[in-house]
Every structure is written in C-alpha cells, then in structure tokens.
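Sequential numbering from 5 applies to the sequence shown in our numbering.
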Amino acid sequence: VDNDSDTYFGSVTSVTACEQPVGYSLTAPTADDCDDNDPNEFPGQTWYIGVDNDSDTYFGSVTSVTACEQPVGYSLTAPTADDCDDNDPNEFPGQTWYIGVDNDSDTYFGSVTSVTACEQPVGYSLTAPTADDCDDADDTIYPGAPEITNDGIDQDCDGFDQTTLDRDKLEFRNIAVTPNPFGDNINIALPLSYNNTEFSIQIFDMNGRLVIDRQYSNSNNKIKVNGLDKLDQAPYIIKIINTETGFSMMKQLIKF
5 VDNDSDTYFG
15 SVTSVTACEQ
25 PVGYSLTAPT
35 ADDCDDNDPN
45 EFPGQTWYIG
55 VDNDSDTYFG
65 SVTSVTACEQ
75 PVGYSLTAPT
85 ADDCDDNDPN
95 EFPGQTWYIG
105 VDNDSDTYFG
115 SVTSVTACEQ
125 PVGYSLTAPT
135 ADDCDDADDT
145 IYPGAPEITN
155 DGIDQDCDGF
165 DQTTLDRDKL
175 EFRNIAVTPN
185 PFGDNINIAL
195 PLSYNNTEFS
205 IQIFDMNGRL
215 VIDRQYSNSN
225 NKIKVNGLDK
235 LDQAPYIIKI
245 INTETGFSMM
255 KQLIKF
C-alpha cells in the first residue's frame, strides 16, 4: 500500500483468491516507508544541513545524511555555503569593513570609506576610524599640529585660527588665586605678559552683592589682596579684570 505515491510501501495487504488480482503478487513486498502520508519521507531520501562553526548564522559547508525520516534541523534543499571563513564570526557575506583615507600622508584621516565583503580586505577593520583631519590635502594641518598665529589657517583642527589675542586670553585664564579656602588675604599670581599693568579686583557674595572693589598695580607678577578678615565665613566669587585689555576671569573662593 503506497498512500503518498512515493513508490514506497507503508503497509502490505493480502487477499485470498483463486485467480491473481491485478497488481498482486505471491511475495509480500517490503513495507519500509516510515511515513506513508508524506511523499518526501521514504527509504534512501537525502537530507541536508548547513554547518556554522563560528555561529554567525552563515554556513561554511553543508553535510547530508540518507534516511527515511527527516532528522531534526535537516531539509530537502541544500543551503548555501557562502561563509568565506567559518572559523571567524566577523567574516560573513555582507559584512561592512572600514578604512581611513589619508591623502596627505600625515597619519590623520580626512575621510572614511567602506566596502561590503565576506573576507576582510587588507588594511580594513570592523570599526570606522575617526576622520578628524580638517584639511587632508595639507600635511601640516592635522589635529594637534603646531598653530601659526594670525595666519588665518586652523593648523590644529580645533575649528579656530589661533591669534595673539587668543594666546593672551589663554594665559589670563591660567591665573592662580591662593589660598583657597582663604583667611585674611589672597595672593594672585599673574602671567609675565601682565607685569606692570593695572587690575580691578572685585569680590561678590553668592547673592551677587559686591563686597570688595579695589584697584591694584601688578608688580613682579603678583597682587596681594589684604584686609579680608571682616568677610563672613562663606563662599565668594572673585573677579579679576585687566583694565588695559578688558580681559576678565572669575573663580569661586571660600572664606574660613
């Protein structure tokens, strides 16, 4: 009896008769169809499964078995084995690889390009490198390059051309005010470029009220602010203003 018409028998039936019925024989045929309701399951059927050694969901090879019943995970169709390196989970069809473009050979990248490939191309990586060279046609321009002041060119790729004014501002911001916390006096250490210049020293409480407003001449790059013993123990803001340049900076101080 072949219920699924796959030419294999799932069972055998017999009749008793004088004359041979059509299709019957004297010998009982083998009933070896493991599932006579499924035409795909029969003795000698070939089943396929992909092998994924690196668990990246792509197959590096295909294996097969011959069996009547379908093994778990196997199918009638051989899957595509297109993993170029089934021992590397990073290499598979459609992987994206990146490389930095350094047109001026200053070791900094002006742009990044990518390709889609199974196998890693030479020089490419999985991570896109930083493209922070603001002028990849000039090897003197790159992040951290020495700045030439006042030339209208941003050599160090910080978004600005450094000017002499910028340098003076930077020096001004590096003024040291000690001690902090302070008691009766404050010492202000100034850059060399501000020697013999005039300063306005203002101290505000945390409500914004001006409690000290004095004028000083810088001598030997130092200013000493005395007579602060009458200030209450509290935090304050000191504002240091160079009256010649107009540059100013503020720091928070604590009176103890």
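Beta carbons are placed, not taken as given, at the ideal position from N, Cα and C, and that holds for glycine.
All figures in this text were calculated on a predicted structure; none of them were measured in a lab.
What do you reckon, are the CB atoms on residue i and residue j nearer than 9 Å?
i: D205; j: V215; result: In the sequence as displayed, the identity of residue 205 is Ile instead of Asp. Against a cut-off of 9 Å, the Cβ pair of V215 and I205 comes out as no contact.
i: A141; j: S118; result: no
i: Y78; j: D37; result: no
i: N222; j: F176; result: no
i: V5; j: T20; result: no
Where residue i and residue j are concerned, what is the direct C-alpha to C-alpha distance, given to the nearest angstrom?
i: D89; j: E123; result: 7 Å
i: P150; j: D143; result: 12 Å
i: C22; j: A71; result: 39 Å
i: F46; j: D10; result: 7 Å
i: G48; j: N57; result: 27 Å
i: Q219; j: T249; result: 15 Å
i: T81; j: D92; result: 25 Å
i: E95; j: D162; result: 37 Å
i: V310; j: G114; result: Summary: the structure shown does not reach residue 310, with the chain confined to residues 5 through 260, and so no result is reported for it.
i: P83; j: S15; result: 33 Å
i: G148; j: R213; result: 42 Å
i: V181; j: T201; result: 17 Å
For residue i, which residues in the same chain have their Cβ closer than 8 Å to its Cβ, ignoring the five residues on either side in sequence?
i: K259; result: P185, F186, G187, L232, L235, D236, Q237, A238, P239 and Y240
i: N225; result: A193, L194, P195, L196, Y198 and N199
i: G127; result: I103
i: T120; result: G98, Q99, T100 and W101
i: P183; result: I190 and N191
i: V116; result: Y102, I103, G104, V105, A132, P133 and A135
i: G125; result: With the sequence shown as reference, residue 125 is identified as Pro, and Gly is not the correct amino acid for it. Counting only Cβ-Cβ distances below 8 Å, and skipping sequence neighbours, we find W101, I103 and V119.
i: S129; result: W101, Y102 and I103
If you drop the 5 nearest sequence neighbours on each side, which residues of the same chain put their C-beta closer than 7 Å to that of residue i?
i: I244; result: I179, I192, F203, I205, S252 and M253
i: N189; result: K228, V229, N230 and L232
i: T67; result: I53 and V55
i: D8; result: D40, N41, D42 and P43
i: Q256; result: P239 and I241
i: N152; result: With the sequence shown as reference, residue 152 is identified as Ile, and Asn is not the correct amino acid for it. For I152, where only same-chain residues beyond five positions count, the Cβ hits under 7 Å are Q159.
i: Q74; result: E45 and W51
Just to confirm my understanding: we take residue i, look at its own chain, exclude 5 residues before and 5 after, and list those with CB closer than 6 Å. What are they?
i: D86; result: P97
i: Y261; result: Since the first residue of the chain shown is 5 and the last is 260, residue 261 is not available in this structure.
i: M210; result: P239
i: G156; result: D165
i: D217; result: Q206
The region 121-141 contacting the region 96-107, beta-carbon criterion three pairs below 8 Å: yes
The region 50-60 contacting the region 27-34, beta-carbon criterion three pairs below 8 Å: no
Ordered list of beta strand (DSSP E) runs contained in the region 9-88, each at least 3 residues: Complete beta strand (DSSP E) runs here, min 3: 50-55 and 65-70.
Touch test, the region 18-29 against the region 62-74, Cβ-Cβ under 8 Å, three pairs minimum: Because the criterion of three Cβ pairs below 8 Å is not met, the region 18-29 and the region 62-74 do not touch.
Every unbroken alpha helix (DSSP H) inside the region 195-256 [4 residues or more]: none
Segments of 4+ residues assigned as alpha helix (DSSP H) that fall wholly inside the region 143-192: 168-177
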